[in-house]
Amino acid sequence: MMQTGSCSFGLWKVIVSWEGNVVYQVQFVRTAPEGPVPVQFTKFLAGRVDSFDPLVSAAVSGDNAYSRVYAAVSKIPYGETRTYREVALVADTHPRVVGNAMARNPTSLIVPCHRVTASDGTLGGFTPDLQIKRDLLKMEGKKKRG
DNA sequence: AACGACCATTATA
DNA sequence: TATAATGGTCGTT
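The number in my numbering is simply the position in the first sequence, starting from 1, with 386 added.
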């Protein structure tokens, strides 16, 4: 059965909904219902692990543009970044569509949308607060390329 | 089914 | 700095 819980990242709460190894929702929110989450989340947000294995995002299933984008983003290694353009090439779509998909990413962290940045060297966006993206990349010790 | 607006983009000048 | 081109989704009709 589906379970929902939350953990903390700085001032933010991370709400997690999952069933077995499939994660349906990961969102940064101000307030969230209390409850346990899979240990992968607390460890990741503490910088103790670099993967969510064996958890997977429900968003990568299917065969549409968004799921291809989510699958491509999921392959970006910890600590590295790719541009919207680079992701678009891999997913066979347009950079703008990658932006759309990231804005609607239902499973942040599992699909590491914080590792997707703009071609001009700026960060791009992050919902609900760009500072979260900065903090996550800082925590991962952002390197360059791959 | 068709259309227009929206967007976390990018290339060009 | 501004603008055109771009593609997928979503609401409206």
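The beta-carbon is built from N, C-alpha and C at its ideal position, and this holds for glycine as well.
Quiz item: Can you tell me where the beta strand (DSSP E) with Y410 in it begins and where it stops?
Solution: Note, Y410: beta strand (DSSP E), 408 to 415.
Exercise. Within 10 angstroms of the Cβ of Y456, are there 16 or more other Cβ atoms? Answer buried if so, exposed if not.
Key: With 16 or more other Cβ atoms within 10 Å, it is buried.
Quiz item: Do you know whose CA, among A418, G511, G507, G510, lies nearest W398's CA?
Solution: A418
Practice problem: Compute the distance between the beta-carbons of S447 and V423, then report whether it is under 8 angstroms. | Solution: no
Practice problem: Using a threshold of 8 angstroms, state whether the C-beta atoms of K524 and H500 are closer than that. | Solution: For the pair K524 and H500, the CB atoms are not nearer than the 8 angstroms cut-off.
Practice problem: Along the beta strand (DSSP E) that carries F549, what are the first and last residues, could you check? | Solution: Outside the shown range of the chain, which is 387 to 532, sits residue 549, and nothing can be said about it.
Quiz item: DSSP state of S494, grouped into three classes?
Solution: coil
Exercise. Please report the Cβ distance between A409 and T493, rounded to the nearest whole angstrom; I am assuming they are in contact, meaning their Cβ atoms lie under 8 angstroms.
Key: Looking at the sequence provided, one finds Val at residue 409 rather than Ala. Yes, they are in contact, since the Cβ atoms of V409 and T493 sit about 5 angstroms apart, within 8 angstroms.
Exercise. Output the residue ranges of the beta strand (DSSP E) runs that lie fully inside the segment 397 to 484 and measure 3 residues or longer, sorted by chain position.
Key: 398 to 405, 408 to 415
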